[in-house]
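Residue numbers (the numbering used here): 931 to 1535. Glycine residues also receive a C-beta, built at the ideal position from the N, C-alpha and C atoms. One structure is given here, and the rest of the page talks about it.
So this is what it looks like as structure tokens:
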């Protein structure tokens, strides 16, 4: 298997190379780069392992999306962007393999070069690369894109850009980025920025332009848009990169259409009625009981289960510590104790899915729940005086007996609240300094499962004397309020990869306490967490990287910021039988880079 080659390469790295040999090895131009070790695929590879190079071209793939959209610019904070543009209209210098934790192969760039310390990186463009309007992709386009995204784009681009000391053209088709400090991941991140056509954006305010249909170099072009209702992408028959090994067996559909519906329930009904072609099911219970509609029983729709080896990420109810109520970790732990996961899981999900026990569950990056030891302990020890209880000593989520009362955990919750100064008055209301414990839970409209979970949870909170008001708002309002951190508690889902790095600072860094639009919804400010992120991105070995990530996982999990629910170790997709995918599936499962990337349409097989 290709991924085994990747991990064998790590062993070679561990043996060590002399500084001179190592520098010579990595300073030469390469067609691919890995975070650690060597890329799994040899130069000139024919196709990605999870792609079918013989897949037929043609047909359409229709998606159903909950909510709406008001922007065609997915690279800025303003607005809610339409689906598909970022992935299929624009391209980056390098493309990512979903079968390896973090390896990039040349896309717009024919080669990449960096030094042993990774204090700089240089890319050379392919001479044949061009935008869909026929204009060549130039170094001027690359440099304009990077500077514009880094200064006017979404905050996710600005963090990396702040680490660039110098960007310079070093040849007719070459650009070099010198870093302010060595950063092993930054050499890869610089290969993953979208490259836009500079000429198209002249005279436009990039940060506030949402209606301009972008011209990209990717395999699809925007064909038709009905604002807020649907967007259709058409495969470009003149796509410059269609014969690259990285692209063989990919981008097989003539059209991709994304139809928007009011909420998740309507999306499922649209799929049942034949208006869309697939549906990703997030509930094991619904997977078992809700698929007896006519198209399924007649065989026109089939169910596919695809295993995945990606981290669980974190999903559940996030507490905003900008609210003084949630600033005390004892209060957050009490609210976790009051969440009767076993009963909720059994009631809503049939008890079929495992609980998320840390941010990197379901992977080697996940923390252990006993006391820290070895390299993990060494990394955490300098911060022991500022770490919350459990980070070093060990932390696990509470478990209940599955009954409705959850007595043991509710007693623990009441005790912690009392220690934090909250007491129940004669009317049964929890108060501190005369102020009642009331807060708002913000949910998106149409999220029926989330609503059911919260309905059970708020009843448990009432028993503690806590009144939680549930506010259901539409997709646009939800985006606006969460970007501004205008909530007490909200539904939170942060997907995490097998290669966490600089983006973790956007997720958990201190700037997010006040800077809007980051992923730091909880408002955490932890120098220890930032130190672990710095260690992760500068680790020289896989072992050191894993230790730093596990240490970060401990800080996040024992931070008690999120009340987690469950995750699915396999992806469940119902789809029309004319849609097919290769037998070999990637390490990351069905997300991302799988559907529709390597699927195809064939209504005769």
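{"Item": "Where residue 1391 sits in the DSSP three-state scheme", "Value": "helix"}
{"Item": "Three-state secondary structure (DSSP) of residue 1098", "Value": "strand"}
{"Item": "Backbone CA spacing between residue 954 and residue 961 [nearest angstrom]", "Value": "Its pLDDT being 38, under 50, residue 954 is placed unreliably by the model, and the measurement read from it follows with that caveat. Looking at the two C-alpha atoms, the distance is approximately 16 Å."}
{"Item": "Cβ neighbours of residue 1362 in the same chain (closer than 6 Å, five flanking residues each side left out)", "Value": "1351 and 1352"}
{"Item": "Uninterrupted beta strand (DSSP E) stretches inside the stretch 1309–1334 (no shorter than 3 residues)", "Value": "none"}
{"Item": "For residue 1518, the three-state DSSP class (helix, strand or coil)", "Value": "coil"}
{"Item": "Residue 1505 - partner residues in DSSP beta bridges", "Value": "1208 and 1232"}
{"Item": "Continuous beta strand (DSSP E) assignments of at least 3 residues falling wholly in the stretch 1101–1145", "Value": "1104–1109"}
{"Item": "Proximity below 8 Å, CB of residue 1184 to CB of residue 990", "Value": "yes"}
{"Item": "Alpha-carbon to alpha-carbon, residue 1327 and residue 1285", "Value": "9 Å"}
{"Item": "As assigned by DSSP and simplified to three states, the class of residue 1194", "Value": "helix"}
{"Item": "Cα-Cα separation, residue 1195 to residue 1375", "Value": "10 Å"}
{"Item": "Nearest-angstrom Cα separation, counted from residue 1158 out to residue 1031", "Value": "35 Å"}
{"Item": "Helix, strand or coil at residue 1424 [DSSP, three-state]", "Value": "strand"}
{"Item": "Cutoff 8 Å; reference residue 1406; Cβ partners in own chain excluding five residues on either side", "Value": "997, 998, 1000 and 1010"}
{"Item": "Pairwise C-alpha distance: residue 1249 and residue 1451", "Value": "8 Å"}
{"Item": "Residues sharing a beta bridge with residue 1367, DSSP", "Value": "Paired residue(s): none; residue 1367 is not in a bridge."}
{"Item": "Candidates 1148, 1132 and 1150: closest to residue 1142 by CA position", "Value": "1132"}
{"Item": "8 Å contact criterion, which residue 1576 and residue 1507 should meet: CB distance rounded", "Value": "Any property of residue 1576 remains undetermined from this structure, which presents the chain solely from 931 to 1535."}
{"Item": "Pairwise C-alpha distance: residue 1525 and residue 1532", "Value": "15 Å"}
{"Item": "Given 8 Å, three or more beta-carbon pairs between the stretch 1300–1312 and the stretch 1357–1373", "Value": "no"}
{"Item": "Residue 1181 burial status per 10 Å Cβ neighbour count (16 or more: buried)", "Value": "buried"}
{"Item": "When 1236, 1019, 1396 and 1479 are compared against residue 1505, the one with the closest alpha-carbon", "Value": "1236"}
{"Item": "Three or more C-beta pairs below 8 Å linking the stretch 1202–1212 and the stretch 1097–1104", "Value": "no"}
{"Item": "Of the residues 1081, 1277 and 1527, the one placed nearest residue 1385, counting alpha carbons only", "Value": "1277"}
{"Item": "Selection from 1455, 1007 and 1137 that minimises the alpha carbon distance to residue 1411", "Value": "1007"}
{"Item": "Cβ pair residue 1172, residue 1022 closer than 8 Å", "Value": "no"}
{"Item": "Per-residue burial, residue 1033 [other beta carbons within 10 Å of its own, 16 or more giving buried]", "Value": "buried"}
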